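Heads up: the structure comes next, in structure tokens.
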Amino acid sequence: MSLSRLNTLMKLAPKPTAIGSLQMQRNLSVLPESGPTGHFKTLAVSSPKPFVFHVELHRPSKFNAISKQMWLEIKECFDGLATNPDCRAIVLSAAGKHFTAGIDLNDMMNLGQTLAETDDYARKGVIMERMIKVYQDSISSLEHCPKPVITAVHKACIGAGVDLITAADIRYCTEDAFFQVKEVDIGMAADVGTLQRLPKAVGSQSLARELCFTGRKFEAAEAHSSGLVSRLFPDKESLLTGALAVAELIASKSPVAVKTTKESLVYSLEHTNQEGLDHILLLNKLNLLSEDFAQAVAAQLTKDDKPVFAKL
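For what it's worth, this note's numbering labels the leading residue of the sequence shown as 2, then goes sequentially.
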């Protein structure tokens, strides 16, 4: 890179000021928190670090079984964080003894009562279609959220829990965690993401199909060796510490760069290499004009303090 180009970049890159940093801290200090007694009834949401949000499944007395209300709140939460300028990375964990026992079977019983109110199979089908679509959209909200989502799993992650974590970007777990695609044991095929995402997550059609056909448990060590999770931690405390540390590191990067990176990775999963290249070309012909790029390059070349990026 020429000296004139470097000088241009340095001119474009605004220096952080004490006032600007103070204003950012002030904005972060008033972030809302929610929990079992707040806005959400089944989730606890906080911001433990700058630009990092921690979302906790919070039905510990029910082993975080995913009820209809939790399905709806998961989507509302992640849709909200998707456009929240104070959020750049998300950690998803769970309160209590287990990550999740899967779908709340009481809701399935209530569904049966609703279906019994009509004898017409077409109308029963419409009821089922609408319900499944709500649950699919809930899980997909993690994938559609432009902010990286890190799942921190401890102990049991069963059924819908596997749907949930495979829609995330990064998966960590404790050494005593175990996973189970449980749907086959209750007489159904998984229909909200596991069959689509698990084979890609583990990179083995054979293993994914075995797990989905048999419903057997697979322990943390196997989940790690297969690629379902990328790191193991000795206990829940170290798991959360590690997940939040990675989230904090991600949040320190350019939000434009991180958002674009996730968008390209998700797009490329379902497209050819050339289609992925064409897609990132369209994104970067604008994003490389961002002040984030100029700031980051100037900081790398001059070894200055880490740049402070504007909210997005």
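Each residue gets a CB set at the ideal place from its N, CA and C atoms; glycine is no exception. These figures come from a predicted structure and were not determined experimentally.
Over what stretch of residues does the beta strand (DSSP E) that includes V56 continue unbroken? Translated into positions along the sequence shown, residue 56 becomes position 55. From DSSP, the beta strand (DSSP E) with V56 extends over 53-58.
Spell out a yes or no on whether the stretch 239-249 and the stretch 193-212 are touching, meaning 3 or more CB-CB pairs, one atom from each, closer than 8 Å. no
The beta strand (DSSP E) spanning S48 covers which residue range? Along the sequence shown, one-based indexing puts residue 48 at 47. Taken as a continuous stretch (DSSP letters only), the beta strand (DSSP E) holding S48 covers 44-50.
Output the residue ranges of the alpha helix (DSSP H) runs that lie fully inside the stretch 248-282 and measure 4 residues or longer, sorted by chain position. 256-270
Which first and last residues belong to the beta strand (DSSP E) in which R172 is found? Position 171 of the sequence shown, counted from the first residue, corresponds to residue 172. First-last of the beta strand (DSSP E) with R172: 171-175.
Through-space distance from E118 to A335, alpha-carbon basis: Outside the displayed range of the chain (2 to 313) lies residue 335, so it cannot be described from this structure.
Give every residue of the same chain whose Cβ lies closer than 7 Å to the Cβ of E184, excluding the five residues on either side of it in the sequence, and list them in chain order. Looking up residue 184 in the sequence shown gives position 183. If we look at E184 and ignore the five residues flanking it on each side, its Cβ neighbours are G160, A190, A191.
Simplified DSSP assignment, three categories, for T303: Stepping through the sequence shown from its first residue, residue 303 is reached at position 302. The answer is helix: DSSP assigns T303 an H, G or I state.
If you follow the alpha helix (DSSP H) that A124 is part of, which residue opens it and which one closes it? If you number the sequence shown from 1, residue 124 lands on position 123. In the sequence on display, residue 124 carries Arg and not Ala. Per DSSP, R124 belongs to the alpha helix (DSSP H) from 122-145.
Can we say the stretch 50-65 touches the stretch 102-109, given the rule of at least three CB pairs closer than 8 Å? yes
Have a look at the DSSP bridge pairing and note the partners of T195. Reading the sequence shown from its first residue, position 194 is the one you call residue 195. For T195, which the question treats as bridged, DSSP gives no partner whatsoever.
Below 8 Å on the Cβ atoms is my guess for H145 versus C174; work out the distance and round it to an integer in Å. Here residue 145 is taken as the residue at index 144 of the sequence shown, counted from 1. Here residue 174 is taken as the residue at index 173 of the sequence shown, counted from 1. Not confirmed; about 23 Å, so no contact.
Tell me where the beta strand (DSSP E) around S94 begins and ends. For the purposes of this step, residue 94 is taken as the residue at position 93 of the sequence shown. Taken as a continuous stretch (DSSP letters only), the beta strand (DSSP E) holding S94 covers 90-95.
For K312, which residues in the same chain have their Cβ closer than 6 Å to its Cβ, ignoring the five residues on either side in sequence? The sequence position of residue 312 within the sequence shown is 311, counting from 1. Counting only Cβ-Cβ distances below 6 Å, and skipping sequence neighbours, we find P86.
Who are the Cβ neighbours of H225 in its own chain at under 7 Å, not counting the five residues just before and after it? The count along the sequence shown starts at 1 and reaches residue 225 at position 224. Excluding residues within five positions, the ones whose Cβ falls inside 7 Å are L233.
Give the DSSP-derived three-state secondary structure of V150 in the structure shown. To locate residue 150, count along the sequence shown from 1; it is residue 149. Correct three-state label for V150: strand.
Around the Cβ of K260, are there at least 16 other Cβ atoms within 10 angstroms (buried) or fewer (exposed)? Here residue 260 corresponds to residue number 259 of the sequence shown, with the count starting at 1. It counts as buried.
Quick one: is P86 near chain C, going by C-beta distance under 8 Å? In the structure shown, chain C cannot be found, because there is only a single protein chain.
What's the C-alpha gap between V257 and F179? The sequence position of residue 257 within the sequence shown is 256, counting from 1. The sequence position of residue 179 within the sequence shown is 178, counting from 1. Those two C-alpha atoms are separated by around 35 Å.
Quick one: residues in its chain with C-beta nearer than 6 Å to the C-beta of P33, no 5 flanking neighbours on either side, listed in chain order? Here the question's residue 33 lines up with position 32 in the sequence shown. With a pLDDT of 43 at P33, under the threshold of 50, the modelled position of that residue is not reliable, and the figure given next carries that caveat. Hits under 6 Å: none found.
Buried versus exposed, by CB contacts within 10 Å (16 or more), V267: Position 266 of the sequence shown, counted from the first residue, corresponds to residue 267. Burial call: exposed.
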